[in-house]
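Engineer:
Protein chains: 2
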Amino acid sequence: MKKNIPTLKQIAENLELSVSTISRALNNNGSISDLTKKKVIEEAKRLNYVPNIIAKNFRDKRTKTIGVIVPNLMHSFTGTILKGILLETERIKYKTIICETNDNIEKEKELLNRMLEFGVDGILMSLSKFTTNLSPLLKVLEKKPIILFDKASDKIPCTQIVTNEVKGAFNAVEHLINIGKKRIAIIKEKQGSFNSEKRFIGYLKALDQYRYPLDETLIFDVSNTTIEEGELLGEYIVNLKEKPDAIFCITDSLAIGIIKTLNKYNIVIPIEIAVVGFSNSDSSRVIKPNLTTIKQSGYKIGKLAVKQLIEEMRSEKDFFSSKSIEVNTKLIVRESTFVL
Amino acid sequence: MKKNIPTLKQIAENLELSVSTISRALNNNGSISDLTKKKVIEEAKRLNYVPNIIAKNFRDKRTKTIGVIVPNLMHSFTGTILKGILLETERIKYKTIICETNDNIEKEKELLNRMLEFGVDGILMSLSKFTTNLSPLLKVLEKKPIILFDKASDKIPCTQIVTNEVKGAFNAVEHLINIGKKRIAIIKEKQGSFNSEKRFIGYLKALDQYRYPLDETLIFDVSNTTIEEGELLGEYIVNLKEKPDAIFCITDSLAIGIIKTLNKYNIVIPIEIAVVGFSNSDSSRVIKPNLTTIKQSGYKIGKLAVKQLIEEMRSEKDFFSSKSIEVNTKLIVRESTFVL
DNA sequence: AAAAGCTAGGCAAACGTTTGCCTAGCTTTT
DNA sequence: AAAAGCTAGGCAAACGTTTGCCTAGCTTTT
Numbered sequence: 000m001k002k003n004i005p006t007l008k009q010i011a012e013n014l015e016l017s018v019s020t021i022s023r024a025l026n027n028n029g030s031i032s033d034l035t036k037k038k039v040i041e042e043a044k045r046l047n048y049v050p051n052i053i054a055k056n057f058r059d060k061r062t063k064t065i066g067v068i069v070p071n072l073m074h075s076f077t078g079t080i081l082k083g084i085l086l087e088t089e090r091i092k093y094k095t096i097i098c099e100t101n102d103n104i105e106k107e108k109e110l111l112n113r114m115l116e117f118g119v120d121g122i123l124m125s126l127s128k129f130t131t132n133l134s135p136l137l138k139v140l141e142k143k144p145i146i147l148f149d150k151a152s153d154k155i156p157c158t159q160i161v162t163n164e165v166k167g168a169f170n171a172v173e174h175l176i177n178i179g180k181k182r183i184a185i186i187k188e189k190q191g192s193f194n195s196e197k198r199f200i201g202y203l204k205a206l207d208q209y210r211y212p213l214d215e216t217l218i219f220d221v222s223n224t225t226i227e228e229g230e231l232l233g234e235y236i237v238n239l240k241e242k243p244d245a246i247f248c249i250t251d252s253l254a255i256g257i258i259k260t261l262n263k264y265n266i267v268i269p270i271e272i273a274v275v276g277f278s279n280s281d282s283s284r285v286i287k288p289n290l291t292t293i294k295q296s297g298y299k300i301g302k303l304a305v306k307q308l309i310e311e312m313r314s315e316k317d318f319f320s321s322k323s324i325e326v327n328t329k330l331i332v333r334e335s336t337f338v339l
Numbered sequence: 000m001k002k003n004i005p006t007l008k009q010i011a012e013n014l015e016l017s018v019s020t021i022s023r024a025l026n027n028n029g030s031i032s033d034l035t036k037k038k039v040i041e042e043a044k045r046l047n048y049v050p051n052i053i054a055k056n057f058r059d060k061r062t063k064t065i066g067v068i069v070p071n072l073m074h075s076f077t078g079t080i081l082k083g084i085l086l087e088t089e090r091i092k093y094k095t096i097i098c099e100t101n102d103n104i105e106k107e108k109e110l111l112n113r114m115l116e117f118g119v120d121g122i123l124m125s126l127s128k129f130t131t132n133l134s135p136l137l138k139v140l141e142k143k144p145i146i147l148f149d150k151a152s153d154k155i156p157c158t159q160i161v162t163n164e165v166k167g168a169f170n171a172v173e174h175l176i177n178i179g180k181k182r183i184a185i186i187k188e189k190q191g192s193f194n195s196e197k198r199f200i201g202y203l204k205a206l207d208q209y210r211y212p213l214d215e216t217l218i219f220d221v222s223n224t225t226i227e228e229g230e231l232l233g234e235y236i237v238n239l240k241e242k243p244d245a246i247f248c249i250t251d252s253l254a255i256g257i258i259k260t261l262n263k264y265n266i267v268i269p270i271e272i273a274v275v276g277f278s279n280s281d282s283s284r285v286i287k288p289n290l291t292t293i294k295q296s297g298y299k300i301g302k303l304a305v306k307q308l309i310e311e312m313r314s315e316k317d318f319f320s321s322k323s324i325e326v327n328t329k330l331i332v333r334e335s336t337f338v339l
């Protein structure tokens, strides 16, 4: 379908004025008489004129677009962050291009370059599970600002907006200590991701601070933080002679899997074994007993990430930075640890 | 930070060739000798040249961008559709701008116009709950193609890609009939949304086909399809003298709420009351008993929507259409209806 | 009344790319 | 040997917008 899309030129011709006058009238800059302004605005409306954003971008040498790269859009915490990002970018009239890596490192690298080609002004990014090769990131960082959020890395010299993982995990374990638990286990990732490692540190810190001895047999590793892996590991745990009396799972999914198995073997939660998760997912209120968990403010992280990015885009400095903003968490106590 | 971003002109000067030759060499069109091509490519690599996508867009008068408008990014079915959309757009090297309306009609209207300003080539859209004023949509449709998905409307003259809601609901109810249930209730939305209405039709159709009498007292309305509303309505239902022996809920959330309340009153599912949901959400496998539900292929819908949009963008015709593509569902039988 | 200042709007260039048309100087055909 | 064809690359325009600089023709100041 061929459309005759109205341009400034068209309006100018209809009104027998110059293109620059039209531009100035519509953008309200330069000295244009009120009468002319009025006529221009009317004619623009009559023609259904919409400024050609592509031309404007071209002239301004920027797209007012930011790129967002996440491993998995459907991960519930990521979803909350995206909501924060969208709300904030929309407020400042920026566009947001979202991509998924599915934790595929090759794809991550490709998307990073694709973002440059797409002409984004900056990038918000949550790293794939095991991003090891940092050079693609560093290369992009020479041209455009990048802010890492949630799944970050201490090794990349750019601003990071993350949950205070250590403190969150600390609070979770402290809570288990407070309700009188003695043998507190942790389930973490085998190949420590950023989040897993930090949460593990929080676990260790809490034990240390409360003079709990570190018991290696209470540290469990899984390769995937899914419900199924939780269930499977649960089978192993219920068969131990010396069971833990509390389990801190680094994700809600793992915790749900564990609870499912404990339920199956009629182990009473939280009396026999208490369970804590991390994330406050939707399902944490569906599982029976309801799951005690750590609530992270994804919304806040998203919003901060955008603000920070805009700031760096406007700055005249280069984009290397070691700034790290940590957002606090909140312990949500539910049935899985609630004892009178 | 001021950057000296390399352009075709720069390469041309360094190599003492014309800009057009550089363009042709890099894009491999026009007749350029292999030697020249090689030199150009080398120099481009040396300068770290990235084509200026903004200029390219400007010249081509298109952005290779599609806009996606959804009510809520975090709704799990929407998430699956978005994944389908992202995978497909990425494959064809298109960008995707995603926005959320939060079921706010004003915002929906604004975003629609924002999309035009953003210069998208086409729009994929899932309607807000109660979009009544169709004129903003029609206005956009005069300029750019729109494809509606999931939350569609029979009243809008554009292509729609939706779940076969009627058939899905029909299968759900048919399944309840097959397991011997006699008093089959439905929980739907008070102010019928597109999906709610269609699912209700499926319910009616199944009753009709199996000669079940229509019992108005078995039709329940809620104003929100949340877990909480399900729980609340559950309280009402368990107190009825004449209870249903099966409940078809038009969403998984409602079904989960119902199950929670039934569990609370120790009503045995599915013997006393069977429950079916719609969507196959994550939580449907977390609730105990696991929920029987209707699986929709969001991935397929997303992919189809993109394909259809691209087709319409390329077409020379106008963008009005009454095409409707329905994607089939699958009944997933779990504990909440499973009887031997 | 001459000079200075102001108001309203025009001219033209620039952003980086692609492409239709052109042509010099070969090579091949008759 | 003249004509035709081909190869490799150049010229210049175009996309729509914004903006620095300019100026005609007023009005105000001295």
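Line order of the protein sequences matches chains V and X.
Number 213 in numbering that gives the first Met the number 0 belongs to position 214 of the first sequence; there are no gaps in the numbering.
Number 63 in numbering that gives the first Met the number 0 belongs to position 64 of the second sequence; there are no gaps in the numbering.
Glycine included, C-beta positions come from ideal geometry on N, C-alpha and C.
From a predicted model like this one, the values you see are computed outputs, not experimental measurements.
Taking only beta-carbon atoms, is V:K94 less than 7 Å away from chain X?
Structural biologist: At least one chain X Cβ lies under 7 Å of V:K94.
Engineer: Taking the continuous alpha helix (DSSP H) assigned at V:E173, which residues delimit it?
Structural biologist: 164 to 177 is the span of the alpha helix (DSSP H), which, as asked, contains V:E173.
Engineer: Distance, Cα to Cα, V:F337 vs V:I258?
Structural biologist: Roughly 14 Å separates the two Cα atoms.
Engineer: Going by C-alpha to C-alpha distance, which of X:P144, X:T130, X:E141 sits closest to X:D153?
Structural biologist: Ranking X:P144, X:T130, X:E141 by Cα distance to X:D153 puts X:T130 first.
Engineer: Which chain V residues are close to X:T62, counting only those with a beta carbon under 7 Å from its beta carbon?
Structural biologist: Under the 7 Å cutoff, chain V gives I53.
Engineer: So is X:E310 in contact with chain V if we call contact Cβ pairs under 7 Å?
Structural biologist: Answer no: the Cβ-Cβ gap between X:E310 and chain V never drops below 7 Å.
Engineer: Does the distance from the C-beta atom of X:S192 to that of X:K128 stay below 7 Å?
Structural biologist: Yes, they are a contact pair.
Engineer: Would you decide whether V:V332 is buried or exposed? Buried here means 16 or more other CB atoms lie within 10 Å of its CB.
Structural biologist: With fewer than 16 Cβ atoms within 10 Å of its Cβ, V:V332 is classed as exposed.
Engineer: In three-state DSSP terms, what is V:G276?
Structural biologist: DSSP places V:G276 in coil when its eight states are reduced to three.
Engineer: Contact criterion: CB-CB distance below 7 Å. Does X:D281 meet it with respect to chain V?
Structural biologist: It does: the Cβ of X:D281 has a partner Cβ on chain V nearer than 7 Å.
Engineer: In its own chain, which residues sit with a C-beta less than 8 Å from the C-beta of V:L85, not counting the 5 before and 5 after it?
Structural biologist: Same-chain partners within the cutoff: T95, G301.
Engineer: X:F117 versus chain V: which residues are under 8 Å apart at the beta carbon?
Structural biologist: I52, K94, listed in chain order.
Engineer: For X:V69 and X:I218, what's the separation of their Cα atoms in angstroms?
Structural biologist: For X:V69 and X:I218, the distance between alpha carbons rounds to 29 Å.
Engineer: Taking 7 Å as the cut-off, decide whether the C-beta atoms of V:I186 and V:L175 are in contact.
Structural biologist: Result no, Cβ atoms of V:I186 and V:L175 do not sit closer than 7 Å.
Engineer: For X:N56, return the contacting residues in chain V, with the cut-off set at a CB-CB distance below 7 Å.
Structural biologist: Those are I53, listed as they occur along chain V.
Engineer: Beta carbon of V:T250, beta carbon of V:T216: below 7 Å?
Structural biologist: Cβ distance not < 7 Å, so V:T250 and V:T216 don't count as in contact.
Engineer: Which chain V residues sit within Cβ distance under 9 Å of X:K8?
Structural biologist: Those within 9 Å of X:K8 in chain V number zero; the least Cβ separation is about 15 Å.
Engineer: Contact defined as beta carbons within less than 8 Å: I believe V:G201 pairs with V:F169. What is the distance between those atoms, to the nearest angstrom?
Structural biologist: Yes, they are in contact, since the Cβ atoms of V:G201 and V:F169 sit about 4 Å apart, within 8 Å.
Engineer: For the stretch 179 to 207 of chain V, which residues have a beta carbon sitting closer than 7 Å to at least one beta carbon of chain X?
Structural biologist: Under the 7 Å Cβ criterion, the stretch 179 to 207 of chain V contributes no residue.
Engineer: Looking at the secondary structure, which residues open and close the alpha helix (DSSP H) in which X:D207 lies?
Structural biologist: That run of the alpha helix (DSSP H) goes 193 to 208.
Engineer: What alpha helix (DSSP H) runs, 4 residues minimum, are completely inside the stretch 206 to 243 of chain V?
Structural biologist: Taking only runs of at least 4 residues, the alpha helix (DSSP H) segments lying wholly in the stretch 206 to 243 of chain V are 226 to 237.
Engineer: Name the chain V residues whose beta carbon is nearer than 8 Å to that of X:L133?
Structural biologist: By Cβ distance, chain V contributes nothing, its closest Cβ being about 18 Å from X:L133, past 8 Å.
Engineer: If you draw a straight line from the C-alpha of X:A254 to the C-alpha of X:K240, how long is it?
Structural biologist: Their backbone Cα atoms lie some 21 Å apart in a straight line.
Engineer: Please list, in chain order, all residues of the same chain as V:A171 whose beta carbon is under 6 Å from its beta carbon, the five residues on each side excluded.
Structural biologist: Excluding residues within five positions, the ones whose Cβ falls inside 6 Å are F247, V275, I293.
Engineer: Going by CA-CA distance only, name the one from V:T328, V:L261, V:I286 that's closest to V:R198.
Structural biologist: Out of V:T328, V:L261, V:I286, V:T328 has the C-alpha closest to the C-alpha of V:R198.
Engineer: Flag V:G285 as yes if its beta-carbon sits less than 7 Å from any beta-carbon of chain X, otherwise no.
Structural biologist: Checking the sequence shown, residue 285 of chain V turns out to be Val, not Gly. Taking Cβ atoms only, chain X reaches closer than 7 Å to V:V285, which makes this a yes.
Engineer: By the three-class DSSP mapping on this structure, what secondary structure does V:K316 have?
Structural biologist: Correct three-state label for V:K316: coil.
Engineer: Going by C-alpha distance, which of X:K63, X:I80, X:K143 is nearest X:K316?
Structural biologist: Checked all of X:K63, X:I80, X:K143; the closest Cα to X:K316 is X:K143.
Engineer: Following the continuous beta strand (DSSP E) through V:E334, name the residue where it begins and the one where it ends.
Structural biologist: That residue, V:E334, is in no beta strand (DSSP E); it is neither H nor E in DSSP.
Engineer: Under 6 Å Cβ to Cβ from V:N56, same chain only, skipping five residues before and after it: list those, please.
Structural biologist: Cβ within range, chain order: T62.
Engineer: Look up X:Q307 in the DSSP assignment and say whether it is helix, strand or coil.
Structural biologist: Note: X:Q307 maps to helix in three-state DSSP.
Engineer: Can you list, in chain order, the residues of its chain with a C-beta nearer than 6 Å to that of X:A151? Leave out the 5 residues immediately preceding and following it.
Structural biologist: So the list reads Q159, V161, F193, once near-sequence residues are dropped.
Engineer: Please report the residue range of the beta strand (DSSP E) in which X:M124 lies.
Structural biologist: Unbroken beta strand (DSSP E) run through X:M124: 121 to 124.
Engineer: For X:E109, which residues of its own chain have a beta-carbon under 8 Å away from its beta-carbon, when the five flanking residues on both sides are left out?
Structural biologist: So no residue of the chain qualifies.
Engineer: Does any residue of chain X bring its CB to less than 7 Å from the CB of V:I331?
Structural biologist: Chain X, which has no Cβ nearer than 7 Å to the Cβ of V:I331, makes this no.
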